[in-house]
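**Student:** Below is one structure. I have some questions about it.
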Amino acid sequence: MKWLRSLEMKKHRTAEQVFVAEGPKVVGDLLTAGFDCVFAAMTETCGLQGRLTCEVCMVSQEELQRISFVETPQQVLAVFRQPQYVTDVKVAQTELCLALDDVQNPGNLGTIIRLADWFGIEHVFCSRGCADVYNPKTVQATMGALAHVKVHYVDLPQMLGDLCHGNDGNVPVYGTFLDGDSIYATALQQRGVIVMGNEGRGVSADVERYVTERLLVPNFPAERMSTESLNVAIATAVVCAEFRRRAL
């Protein structure tokens, strides 16, 4: 129990290169995707016993409650090894990718990864200041999308600079701004990078300099007084939906 609870802290997850996932849906999706499970604690009602080759500890609901990181534990808690991905920013030359500039709320990050999976975006590039993708709250918010979306931590300004100055210097870099052009009246490509900014300050100046298309999700009607901005995860959903709508 002490070991499992220690994995709430990033330094312990990083040292052991593992993360915690909970619930049959999330754990099952990760197993299907081939993630390496090193330990699982589950109740008799879980139903995943036959899919696990790691150490399995059968526990009561009360014991699961004591080790869980969620308010209402769901039958199983599993520890997986963190996957090691090759980071290749050139995928943005042919695919649509997301870049997150210091998105710090674990729930927002997890929801955005889940959205990326829904809209067929396979790579999410996070700045060093983003929340940890393996935070238990982030993992749960992805609802299993970590099985399909590769998350990379990069020097975001350098990454965008490499794209802009590489062999294919015309890779579009989209960013969301309150003074941008309406996304509904802007030509959109099915490749490049969509940059979403920090919850409080938006896109940083170091990243903004590489943005080639400034986008705005307009409120409706335009003359009506409304809230100042959208939650970053909600804004990501609207933007990704419009990009994919153009492909239909």
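Residue numbers (our numbering): 321 to 568.
Think of the CB as a built atom: it goes at the ideal place given N, C-alpha and C, for glycine as much as any other residue.
According to DSSP, is H468 helix, strand or coil?
**Tutor:** Correct three-state label for H468: coil.
**Student:** What residue from F355, G348 and G520 has the CA that sits closest to Q369's CA?
**Tutor:** Closest option to Q369, Cα to Cα, is G348.
**Student:** Would you kindly work out how many angstroms separate the C-alpha atoms of E328 and T506, rounded to a whole number?
**Tutor:** Roughly 43 Å separates the two Cα atoms.
**Student:** Can you find the residues in the same chain that come closer than 6 Å, C-beta to C-beta, to V491, ignoring five residues on each side of it along the sequence?
**Tutor:** So the qualifying residues of the chain are A412, Q413, L483 and G512.
**Student:** So, do the segment 498 to 505 and the segment 470 to 477 have three or more beta carbon pairs nearer to each other than 8 Å?
**Tutor:** The segment 498 to 505 vs the segment 470 to 477: no contact.
**Student:** Does DSSP put T496 in a helix, a strand or coil?
**Tutor:** Correct three-state label for T496: strand.
**Student:** Return the CA-CA distance between V338 and R401, expressed in angstroms with no decimal places.
**Tutor:** The straight-line gap from Cα to Cα measures roughly 4 Å.
**Student:** Identify whether D482 lies in helix, strand or coil by the three-state DSSP scheme.
**Tutor:** If DSSP states are grouped into helix, strand and coil, D482 belongs with the helices.
**Student:** Does the segment 420 to 440 touch the segment 380 to 396, meaning 3 or more C-beta pairs lie closer than 8 Å?
**Tutor:** With the cut-off at 8 Å, the segment 380 to 396 and the segment 420 to 440 do not touch.
**Student:** Using 8 Å as the threshold, is the segment 454 to 462 in touch with the segment 330 to 346, meaning 3 or more CB pairs across them?
**Tutor:** Flag = yes, the segment 454 to 462 and the segment 330 to 346 touch.
**Student:** Could you say which of Q509, E533 and Q510 lies nearest to M516 if we only look at CA atoms?
**Tutor:** Of Q509, E533 and Q510, the residue nearest in Cα terms is E533.
**Student:** Sorted by chain position, which residues of the same chain lie with C-beta nearer than 8 Å to T363's C-beta, five sequence neighbours on each side aside?
**Tutor:** The residues are M378, V379, S380, Q381, L384, Q395 and V396.
**Student:** Check R521 in the structure and name its three-state DSSP category.
**Tutor:** Three-state result, R521: coil.
**Student:** Does the distance from the C-beta atom of V537 to that of V559 stay below 8 Å?
**Tutor:** Yes, these two residues count as a Cβ contact at 8 Å.
**Student:** Which residues in the same chain as A567 place their Cβ atom closer than 6 Å to its Cβ, once the five residues preceding and following it in sequence are excluded?
**Tutor:** Cβ neighbours of A567 beyond the five flanking positions: Q510.
**Student:** Enumerate in chain order the residues of its own chain whose CB-to-CB distance from V453 is below 6 Å, with the five nearest sequence positions on each side excluded.
**Tutor:** Cβ within range, chain order: V471.
**Student:** Whose C-beta lies closer than 6 Å to the C-beta of D526 among residues of the same chain, with five residues either side of it excluded?
**Tutor:** Closer than 6 Å at Cβ, skipping near neighbours: P477.
**Student:** Quick check: L319 and Y494, are their CB atoms within less than 8 Å of each other?
**Tutor:** Absent from the model: residue 319. The displayed extent of the chain is 321 to 568, so no value can be given.
**Student:** Counting C-beta neighbours from all protein chains within 10 Å, is the total for P456 16 or more, i.e. buried, or is it exposed?
**Tutor:** P456 comes out buried.
**Student:** Can you name, in chain order, every residue of its own chain whose Cβ lies under 6 Å from the Cβ of A353, other than the five neighbours on each side?
**Tutor:** So the qualifying residues of the chain are A467.
**Student:** Can you give, in chain order, each stretch of the alpha helix (DSSP H) that sits fully within the segment 343 to 396 and has at least 4 residues?
**Tutor:** Counting only runs of 4 or more, we get 344 to 352 and 381 to 387.
**Student:** Just confirm the distance between the C-beta atoms of V409 and V444, as a whole number of angstroms; I'd bet it's less than 8 Å.
**Tutor:** At roughly 12 Å, the Cβ-Cβ gap does not stay under 8 Å, so V409 and V444 are not in contact.
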